[in-house]
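Accompanying notes for the structure given below.
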Amino acid sequence: MTVIQVKTAEQQQAVRMIRERVFVEEQGVPRNLEYDTHDETAIHLLVLDEMNRPVATGRTRPYDEQRMKVERVATLAATRGKGYGGELMRAMERVARREGRTILTLGAQVQAIPFYQGLGYVIVSDEFDDAGIPHRTMEKKI
1121 MTVIQVKTAE QQQAVRMIRE RVFVEEQGVP RNLEYDTHDE TAIHLLVLDE MNRPVATGRT
1181 RPYDEQRMKV ERVATLAATR GKGYGGELMR AMERVARREG RTILTLGAQV QAIPFYQGLG
1241 YVIVSDEFDD AGIPHRTMEK KI
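Residue numbers (our numbering): 1121 to 1262.
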């Protein structure tokens, strides 16, 4: 598996395909909520499987002087549980360090909290709604 920083139109199309399948089709997030102005400025990562096929994606952006915010983390349903999400999150940590940040923060869907806890993230908020899906803020010092 390989994690790359998205740079080409083809890679951007792969990111969009994964997000469409996971968030819009699978989870019912309205398309107009899925895409926002942060897409233009965030650092997007793409995970490629052993056959060089796109299987997971996420984006990160500066949040404050200490934090990078991780958003839109998605893994195709057929490839979940194979380590792609964990590798993506480790790459997010490398990006944050490169950007001089010491904390990653994210809004985790409640059903994904065990995944993030397994990577060392801790819950730092009460539950809140985002696009009709319950979330909690989680953070990790890196």
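Where is the CB? At the ideal position from N, CA and C, for every residue including glycine. Only a predicted model underlies this, so the values are computations on that prediction, with no experimental measurement involved.
Query: One or two residues paired with PHE1267 in a DSSP bridge; Result: Outside the shown range of the chain, which is 1121 to 1262, sits residue 1267, and nothing can be said about it.
Query: Closest Cα partner of ILE1124 within the set GLU1154, PHE1143, GLU1160, LEU1168; Result: LEU1168
Query: CA-to-CA distance, LYS1260 to ALA1194, given in whole angstroms; Result: 19 Å
Query: ALA1216 - containing alpha helix (DSSP H), residue span; Result: 1204 to 1218
Query: Where THR1151 falls: helix, strand or coil (DSSP); Result: The residue you asked about is not Thr; residue 1151 is Arg in the sequence shown. ARG1151: helix per DSSP, three-state reduction.
Query: With 16 other Cβ atoms within 10 Å as the buried cut-off, status of PRO1150; Result: exposed
Query: Contacting residues, own chain, Cβ-Cβ under 8 Å from LEU1165 (five flanking each side not counted); Result: VAL1123, ILE1124, GLN1125, VAL1126, THR1177, GLY1178, ARG1179, THR1180, LEU1208, ALA1211, MET1212, VAL1215
Query: Environment of PRO1254 [buried if 16+ CB atoms lie within 10 Å]; Result: exposed
Query: Terminal residues of the beta strand (DSSP E) in which THR1128 lies; Result: THR1128 -> no beta strand (DSSP E), and no H or E assigned at all.
Query: Bridge-paired residues (DSSP) for GLN1229; Result: HIS1255
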